[in-house]
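One structure is given here, and the rest of the page talks about it.
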Amino acid sequence: MASLVIQTSLLGEVVLTTPLLHRLAQRGPVDVVATPQGAPLLAGHPAVRDVIVFDKRGLARGWRGLMQTARAIRWRAPGEARGTEIAYIAQRSLRSALLASVAGVPERVGFSASAGRALYTRQVAYNPDVHHAERLWSLASGPDDDVSPSAPLHPRLYPSANDHAAAASLLTSAGVASGTHLLVLAPGSVWATKRWPRYAELADALARDPRTARARLVIIGGSADGDAARAIGEHAQTAGMPLPIDATGRLPLLASAALLARAGALITNDSLPLHLASAMGTPTVAIFGPTVPTLGFGPLAPHAETLGVDSLSCRPCHAHGPDACPLGHWRCMRDLSVARVLDAVVDVMRVPR
Ligand code: SF4
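Heads up, our numbering is the position in the sequence shown plus 202, with the first residue counted as 1.
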């Protein structure tokens, strides 16, 4: 049975959709509708036949863009029907439900909590108590199927040889010898309140602690995270430490995933790199402030620790993280000490991979 998965939300959610894609691929070909930003994450994915790009905030904005994308779903080329029998809407937006409907896909499955549920032919409960990867995976459960997976779900990404070469080249140009232990820091997040403010101090502590001092530090993220990387670099320079390698804005997404595959551990906020590390099996220390892992977006790497200030009753205060702390003190991040994060890094590094 040919399936279509519509996933045009945040990049982390694209990664968390991959267990659903693997499940559907056992039933037949799977096409995916993704944004221009999300599509590269699925390049070379063995469960995906084709990615249809929906530039919903750019060239395909508005009704005309939706109709064009619907035509692309319907027809591979003029006169050749794509033959999609069932669409899984892996988000809760009305626009995505409309897209599947206008494209004429006969069966449309989505969450009962979706704004577009009236357009679905089958609704699936949105279980708030399980990981989001499992929620998405459950979309493919029919009335006679298991509603829970029989084994823990692991998202998967497939960087190409070129992605691995790009990661290797960046490390070589920074003078990193093969076999060097890497610790990766991801200090960014789209939401300001989710950015733990002590990465520079952590880099200092990692460089001085005998348990981690031999590792080379690498900072990853998008070009918007360049300021955070520079602040860590300036602190290192002042403290007379080896400079971390600044990879922000220098690697495509799957090359960042390739770099993570070589790393001993990732230290990250609740943001995309957390999910890239889950997909590559990289030991992860995940720092949560205004959000909490039980919202469904914690790490799925085999070895991971989640950290947060559990004593605060105001957590979580937002599904994604507010622009500013509504209480003004931002203690969910300020009260998380460098020593706690350092200990967690040492713990996840101890586990053999
Ligand atoms: S209200 Fe609490 S959880 Fe929200 S940002 Fe402020 S300190 Fe963090």
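Note that beta-carbon positions come from the ideal geometry of N, C-alpha and C, so glycine has one too.
- Minimum Cα-Cα distance from residue 318 among the listed residues 260, 303, 429 corresponds to 303.
- Excluding residues up to 5 positions away in sequence, 483 lie with their Cβ nearer than 7 Å to the Cβ of residue 504 in the same chain.
- For residue 489, the three-state secondary structure derived from DSSP is strand.
- DSSP, reduced to helix, strand and coil, places residue 287 outside both helices and strands of the structure shown, so it counts as coil.
- By the 16-neighbour rule on beta-carbons within 10 angstroms, residue 306 is exposed.
- When rounded, the separation of the alpha-carbon atoms in residue 430 and residue 402 is 9 Å.
- DSSP places residue 450 in the coil class of the three-state scheme, outside both helix and strand.
- Sequence-distant partners of residue 428 (beyond 5 residues in either direction) whose C-beta falls short of 7 Å from its own C-beta, in its chain, are 450, 451.
- A check of alpha carbon separations from residue 384 across 355, 351, 399, 421 identifies 421 as the nearest.
- With 16 or more other Cβ atoms inside 10 Å of its own Cβ, residue 316 counts as buried.
- Residue 297 carries a helical assignment under DSSP once its states are collapsed to helix, strand and coil.
- The shortest CA-to-CA distance from residue 423 to any of 461, 408, 410 is the one to 461.
- Here residue 419 carries a strand assignment [DSSP, helix/strand/coil].
- DSSP, reduced to helix, strand and coil, places residue 265 within a helical segment of the structure shown.
- In chain order, the residues with a C-beta atom nearer than 7 Å to some heavy atom of the ligand SF4 are 395, 491, 492, 514, 516, 517, 518, 519, 520, 524, 527, 528, 529, 531, 532, 533, 534, 535.
- Taking residue 512 as reference, the option from 486, 522, 539, 525 with the minimal CA-CA separation is 539.
- About 6 Å separates the beta carbons of residue 357 and residue 335, which is inside the 8 Å limit, making them a contact pair.
- If you look at residue 406, you'll find it in the alpha helix (DSSP H) that goes 401-410.
- Under the three-state reduction of DSSP output, residue 233 falls in the strand class.
- Under the 10 Å beta carbon count, residue 444 is surrounded by fewer than 16 other beta carbons and is classified as exposed.
- Taking C-beta atoms under 8 Å as the contact rule, residue 312 and residue 291 qualify, at a distance of about 4 Å.
- Inclusion of residue 262 and residue 224 in the CB contact set at 7 Å is not warranted, their separation being larger than that value.
- Between residue 221 and residue 339, the C-beta gap is smaller than 7 Å, which places the two residues in contact.
- For residue 217, the CB contacts under 6 Å within the same chain, skipping 5 residues up- and downstream, are 357, 477, 481 in chain order.
- Within the same chain, Cβ atoms closer than 8 Å to the Cβ of residue 355 are found at 221, 333, 335, 336, 339, 502, the five residues on either side in sequence being excluded.
- Check the Cα spacing between residue 459 and each of 205, 475, 232: the tightest is with 475.
- Residue 298 has its alpha-carbon roughly 13 Å from the corresponding atom of residue 270.
- The three-state secondary structure of residue 277, taken from DSSP, is strand.
- Rounded to the nearest angstrom, the gap between the Cα atoms of residue 276 and residue 254 is 11 Å.
- One thing to note: residue 487 has its Cβ within 7 Å of the Cβ of residue 546.
- Exposed is the label assigned to residue 348, since fewer than 16 other Cβ atoms lie within 10 Å of its Cβ.
- In the DSSP assignment, residue 326 is bridged to 313.
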